[in-house]
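Residue numbering for the sequence shown follows our numbering, starting at 32 and increasing by one per position. Positions of the beta carbon are idealized from the N, C-alpha and C atoms, including for glycine. Have a look at the structure below, then the notes.
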Amino acid sequence: MKNMKQHANLNKSILRQLIKRATKDQFIPFQSIWVRVFHWGFAFSLTVVILTGLELHKPASFIALNYGNVLMNHIVFSWLALGFVAIRIADALIRQDHSLIPGFQDFKRFPKLMAYYFFLRFYPPPSRKYNSGQLLIYFSWIFLFLVASLLGLTSYWQGQHLIFVWRMVGGFQVLRWIKFTICIYFLATIPLHIYLSLTENISRLQAMITGYERKPPPNNS
32 MKNMKQHANL NKSILRQLIK RATKDQFIPF QSIWVRVFHW GFAFSLTVVI
82 LTGLELHKPA SFIALNYGNV LMNHIVFSWL ALGFVAIRIA DALIRQDHSL
132 IPGFQDFKRF PKLMAYYFFL RFYPPPSRKY NSGQLLIYFS WIFLFLVASL
182 LGLTSYWQGQ HLIFVWRMVG GFQVLRWIKF TICIYFLATI PLHIYLSLTE
232 NISRLQAMIT GYERKPPPNN S
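Here it is in structure tokens:
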């Protein structure tokens, strides 16, 4: 009984320390409202685009979906995703935000970041708002989505418009395989992004919801 009381008192003491520390944490602005609108809107739209695109590429035999409805949702959410990308680009231009553009230093730091992720380094290399891995993935997502959108319009118009794109890639079948490869890239990197968001720094996920990142107070001792 005495040990149980001591254990309970210890838990209360730890809880009080955690509450005391949480009240001292600083909340600093990290993500603007338009970045958050882009993030969640693009994430939802892109999910629908990928799922409907895979269904259009090779319809699943275990579900019965109307092809016309699938195509309509694919087109509508593709335009919505393009709209969210336009919002992000406009916001970056207005605020002169270069946080999504990787630089030479980011490429130099990338091998060290990979060494950290594979437990070969104790600490990650210094970074800007996003680390080098995040920068490369985020920038590649926007770039490849714009490429896939251009190829999608080319295939939708079936050579009536953007015929130079059709000829440049080498025909309809090559165009379809490029789009499919881009889709596989998204399917490979999105789960990685979700995993790192939940395990690396949860305050960054909080900032993508509230706009503010929680940081502990500076240690003056």
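| Query | Result |
| --- | --- |
| CA nearest to the CA of GLN165, picked from ALA121, LEU85, VAL178, SER228 | SER228 |
| In DSSP terms, what GLU244 is bridged to | ILE59 |
| Own chain, CB closer than 6 Å to ALA91, minus 5 neighbours either side, in chain order | none |
| Rounded straight-line distance, which links the Cα of THR78 to that of HIS105 | 10 Å |
| Length of the line joining the Cα atoms of GLY202 and HIS192 | 14 Å |
| Span separating the alpha-carbon of HIS38 from that of LYS246 | With a pLDDT of 47 at HIS38, under the threshold of 50, the predicted position of this residue should be treated as unreliable, and no value is reported. |
| Beta-carbon proximity check, ASP81 vs CYS214, cutoff 8 Å | Before going on, a small fix: residue 81 reads as Ile here, not Asp. A contact, by the Cβ cut-off of 8 Å. |
| Where ALA95 falls: helix, strand or coil (DSSP) | coil |
| Backbone secondary structure at SER252 - three-state DSSP | Model confidence at SER252 stands at a pLDDT of 42, short of 50, so the residue's coordinates are unreliable and nothing is read from them. |
| Proximal residues to ALA53 (C-beta, below 8 Å), its chain only, five neighbours per side dropped | Unreliable placement is indicated for ALA53, whose pLDDT of 48 sits below 50; the coordinate value is still reported in the next sentence. Once the five neighbours on either side are set aside, ALA53 has no close Cβ partner at all. |
| For PHE75 and ILE118, believed in contact at Cβ under 8 Å, the rounded distance | The pair is not a contact, with the Cβ atoms about 14 Å apart (cut-off 8 Å). |
| CB of VAL116 within 8 Å of CB of PHE176, strictly | yes |
| Minimum C-alpha distance to GLU86 - residue among PHE73, LEU102, ILE233 | LEU102 |
| Extent of the continuous alpha helix (DSSP H) to which ARG198 belongs | 194 to 200 |
| Touch test, the stretch 209 to 225 against the stretch 147 to 156, Cβ-Cβ under 8 Å, three pairs minimum | no |
| Local Cβ density within 10 Å of VAL205, reported as buried at 16 or more and exposed below that | exposed |
| 7 Å Cβ shell around SER130 - same chain, five flanking residues per side excluded | ARG159, LYS160, TYR161 |
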